[in-house]
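Numbering (our numbering), first residue to last: 4 to 411.
Notes follow once the structure below has been shown.
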């Protein structure tokens with residue numbers, strides 16, 4: 004569903020309020036999950052299928068035609084669009100309300116819940132929809148997700164601030180166009196020796212083309228693409244990596260890797276958000292340094308797996324940690340450098356790079372991975388480590404050549 008994350012930017016460019024986007028997300032979730040539940044239930048009635056997930060290993064059905072493929076693909080795409088819309092509505096509302104004072108935690112809060120949700124929902128699914136004989140009620144679980152996500156997003160559409168409420172919240176900070184984004188000390192005069200790059204950006208509030216013309220946007224976006232792509236690839240393919248390097252450890256080992264990624268991802272989002280607010284304040288440079296350190300440690304993990312594939316658990320822990328750091332610092336960096344009032348539009352553009360990186364590196368894994376050749380994993384992670392180092396080089400160029408000279 005990574006390609007559907009591009010819907011984030013579409014919602015932001017149209018300037019739809021967070022509560023409206025949450026309502027749309029709930030409707031899309033209900034349609035997508037209920038459609039999948041119906042299709043699965045219909046296929047079970049027409050041609051009984053094994054309901055235990057572990058029985059599908061050598062199973063294939065010639066009866067699933069092109070029409071079914073279109074229906075399933077459409078439903079998955081709708082769920083992906085709903086995920087992006089729900090996430091973006093939460094993070095945009097949080098950042099616009101709290102981002103002036105706590106840009107790190109305003110992102111870390113909703114994003115950590117986003118990272119924790121797979122662990123929670125998979126736990127509920129196993130506990131509530133598994134039978135004693137080991138079978139799993141997939142259609143019932145999907146129907147449960149349809150109702151749950153609809154209710155949650157309906158609550159969000161009521162609870163998230165509307166236009167008049169948001170205006171009151173933002174006006175309470177009493178900023179003018181030349182005020183610092185983070186008012187951590189008494190207001191600086193307009194002739195301050197440390198102007199914020201965002202001051203220039205506010206001169207053109209509707210200038211999406213001007214924003215895209217800035218070289219810093221592309222350097223930041225490419226750094227995000229190359230740093231997040233390998234982590235997304237690992238998250239999507241950790242089962243195949245575990246099988247290739249530890250073929251005899253079975254399903255329980257792979258399940259622990261997923262849990263480890265989810266836990267470290269959630270913890271690192273909260274920790275990095277708090278640390279960035281506590282020690283970085285209004286400094287985008289410090290946030291960029293922390294981001295670069297996360298990429299460096301992930302590059303080390305990639306090279307380590309390429310050399311010694313037996314340490315998959317280390318890869319899982321570092322993947323979750325570094326992925327959480329990057330996904331927290333990137334939006335907080337956008338909120339620090341550019342005006343908060345245009346956060347939805349600006350981060351929507353950057354999120355396209357995240358989605359592109361996820362697609363490209365997952366595709367790279369599919370092309371290079373050979374189940375019969377365990378050395379193919381080493382080649383994949385050697386390439387991934389090199390791309391992580393390349394992203395660090397882009398950050399250095401970004402820091403030295405552009406932001407140091409005040410070019411937003």
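Glycine included, every Cβ here is placed at the ideal spot set by N, Cα and C.
### Task
Just confirm the distance between the C-beta atoms of residue 332 and residue 294, as a whole number of angstroms; I'd bet it's less than 8 Å.
Here residue 332 corresponds to residue number 329 of the chain shown, with the count starting at 1. Here residue 294 corresponds to residue number 291 of the chain shown, with the count starting at 1. That belief holds up - the Cβ atoms of residue 332 and residue 294 are roughly 5 Å apart, short of 8 Å.
### Task
Jot down the residue ranges of each uninterrupted alpha helix (DSSP H) in the region 59-128, minimum 4 residues, whole runs only, in chain order.
69-101
### Residues that residue 46 bridges to, as DSSP identifies them
For this step, residue 46 is matched to residue 43 along the chain shown. According to DSSP, residue 46 bridges with nothing at all.
### Task
Measure from the alpha carbon of residue 376 to the alpha carbon of each residue in 68, 263, 244, then state which is nearest.
To locate residue 376, count along the chain shown from 1; it is residue 373. Closest by alpha carbon: 244.
### Same chain, Cβ closer than 7 Å to residue 373, five either side skipped, listed in chain order
For the purposes of this step, residue 373 is taken as the residue at position 370 of the chain shown. So the list reads 379, once near-sequence residues are dropped.
### Query
Is there contact here, the region 146-161 with the region 31-39, by at least three beta-carbon pairs under 8 Å?
yes
#### Entry: Beta-carbon proximity of residue 274 to residue 145, cut-off 8 Å
The residue you call residue 274 lines up with position 271 of the chain shown. The residue you call residue 145 lines up with position 142 of the chain shown. No, the Cβ-Cβ distance between residue 274 and residue 145 is not below 8 Å.
### Task
Assign residue 72 to buried or exposed, taking buried as 16 or more other Cβ atoms, counted over all protein chains shown, within 10 Å of its Cβ.
Locating residue 72 in the chain shown gives position 69, counting from the first residue. Exposed, by the Cβ-count rule.
### Task
Helix, strand or coil for residue 372, going by three-state DSSP, please let me know.
Mapped onto the chain shown, residue 372 falls at position 369. Residue state, collapsed to three classes: coil.
### Query
Near residue 64, which residues of its chain fall below 6 Å by C-beta distance, leaving aside the five closest residues on each side in sequence?
To locate residue 64, count along the chain shown from 1; it is residue 61. Residue confidence for residue 64 is low, a pLDDT of 48 falling below 50, so the modelled location carries little weight; the figure read from the coordinates is stated next. No residues qualify anywhere along the chain.
### Query
Going straight from the alpha carbon of residue 68 to that of residue 383, what length do you get?
The residue labelled residue 68 in the question sits at position 65 within the chain shown. The residue labelled residue 383 in the question sits at position 380 within the chain shown. Their backbone Cα atoms lie some 34 Å apart in a straight line.
### Query
Considering only the beta carbon of each residue, do residue 112 and residue 97 sit closer than 8 Å?
Taking the first residue of the chain shown as 1, we reach residue 112 at position 109. Taking the first residue of the chain shown as 1, we reach residue 97 at position 94. In this structure, residue 97 lies closer than 8 Å to residue 112 by Cβ.
### Message
Distance check for residue 368 and residue 135, CA to CA, integer angstroms please.
### Response
Sequence index remark: in the chain shown, residue 135 carries index 132 (1-based). Sequence index remark: in the chain shown, residue 368 carries index 365 (1-based). Roughly 36 Å separates the two Cα atoms.
### Message
How far does the alpha helix (DSSP H) with residue 341 in it extend, from its first residue to its last?
### Response
Numbered from 1 along the chain shown, position 338 holds the residue referred to as residue 341. Element bounds for residue 341: n/a, residue is neither H nor E.
### Task
Report buried or exposed for residue 158, applying the criterion of at least 16 other Cβ atoms within 10 angstroms of its Cβ.
On the chain shown, position 155 is the one that residue 158 refers to. Residue 158 should be labelled exposed.
### Query
Among the residues of its own chain, which have a CB less than 7 Å from the CB of residue 300, if the five just before and after it don't count?
Indexing the chain shown from 1 puts residue 300 at position 297. These residues qualify, in order along the chain: 321, 325.
#### Entry: Helix, strand or coil at residue 271 [DSSP, three-state]
As a first step, residue 271 must be located in the chain shown, where it is residue number 268. Helix.
### Message
Going by DSSP in three states, residue 37 sits in which element: helix, strand or coil?
### Response
In the chain shown, the residue the question calls residue 37 occupies position 34. The answer is helix: DSSP assigns residue 37 an H, G or I state.
### Environment of residue 311 [buried if 16+ CB atoms lie within 10 Å]
The residue you call residue 311 lines up with position 308 of the chain shown. Result: exposed.
### Message
Which same chain residues end up closer than 6 Å to residue 38 when comparing Cβ atoms and leaving out the 5 residues on each side of it in sequence?
### Response
Your numbering for residue 38 matches position 35 in the chain shown. So the qualifying residues of the chain are 78.
### Query
How would you call residue 308, buried or exposed, if buried means at least 16 neighbouring beta carbons within 10 angstroms?
Here residue 308 is taken as the residue at index 305 of the chain shown, counted from 1. Answer is buried; the Cβ neighbour count reaches 16.
### Query
Anyone know if the C-beta pair for residue 142 and residue 47 falls short of 8 Å?
Looking up residue 142 in the chain shown gives position 139. Looking up residue 47 in the chain shown gives position 44. A contact, by the Cβ cut-off of 8 Å.
### Message
Within 8 Å, do at least three Cβ pairs link the region 353-363 to the region 229-245?
### Response
yes
### Query
For residue 139, which beta-bridge partners are listed by DSSP?
For this step, residue 139 is matched to residue 136 along the chain shown. 133.
### Query
What residue ranges within the region 218-272 form continuous alpha helix (DSSP H) runs of no fewer than 4 residues, ordered along the chain?
218-248
### Supposed close pair residue 217, residue 329 - CB separation, criterion 8 Å
Residue numbering aside, residue 217 sits at position 214 when the chain shown is read from its first letter. Residue numbering aside, residue 329 sits at position 326 when the chain shown is read from its first letter. Actually they are not in contact, since the Cβ atoms of residue 217 and residue 329 sit about 21 Å apart, beyond 8 Å.
### Message
Given 7 Å as the limit, tell me if residue 46 has its C-beta closer than that to any heavy atom belonging to the ligand FMN.
### Response
The ligand FMN is not among the ligands present in this structure, which contains no ligands whatsoever.
### Query
Would you call residue 126 buried or exposed, if buried means 16 or more other Cβ atoms sit within 10 Å of its Cβ?
For this step, residue 126 is matched to residue 123 along the chain shown. By the 10 Å Cβ count, residue 126 comes out exposed.
### Message
Taking only three categories from DSSP, how would you classify residue 311?
### Response
For the purposes of this step, residue 311 is identified with residue 308 of the chain shown, where counting begins at 1. Of the three classes helix, strand and coil, the one that applies to residue 311 here is coil, per DSSP.
#### Entry: Whether residue 109 touches residue 25 by CB criterion (8 Å)
Working through the chain shown from its first residue, we reach residue 109 at position 106. Working through the chain shown from its first residue, we reach residue 25 at position 22. With respect to residue 25, residue 109 sits apart: the two C-beta atoms are not nearer than 8 Å.
### Query
If we count the other Cβ atoms within 10 Å of its Cβ and call it buried at 16 or more, is residue 365 buried or exposed?
The residue labelled residue 365 in the question sits at position 362 within the chain shown. With 16 or more other Cβ atoms within 10 Å, it is buried.
### Close Cβ partners of residue 242 (< 6 Å) along its chain, the five nearest in sequence each way excluded
Working through the chain shown from its first residue, we reach residue 242 at position 239. Correct list, in chain order: 257.
### Message
Within 10 Å of its beta-carbon, does residue 338 have 16 or more other beta-carbons around it, so buried, or fewer, so exposed?
### Response
By one-based count along the chain shown, residue 338 stands at place 335. With 16 or more other Cβ atoms within 10 Å, it is buried.
### Query
Would residue 3 pass as a contact of residue 22 if the rule is Cβ separation under 8 Å?
The structure shown does not extend to residue 3, since the chain spans only 4 to 411, so no value can be given for it.
### Query
Can you tell which of 101, 105, 87 has its C-alpha closest to the C-alpha of residue 351?
Taking the chain shown and counting its residues from 1, one reaches residue 351 at position 348. Closest option to residue 351, Cα to Cα, is 87.
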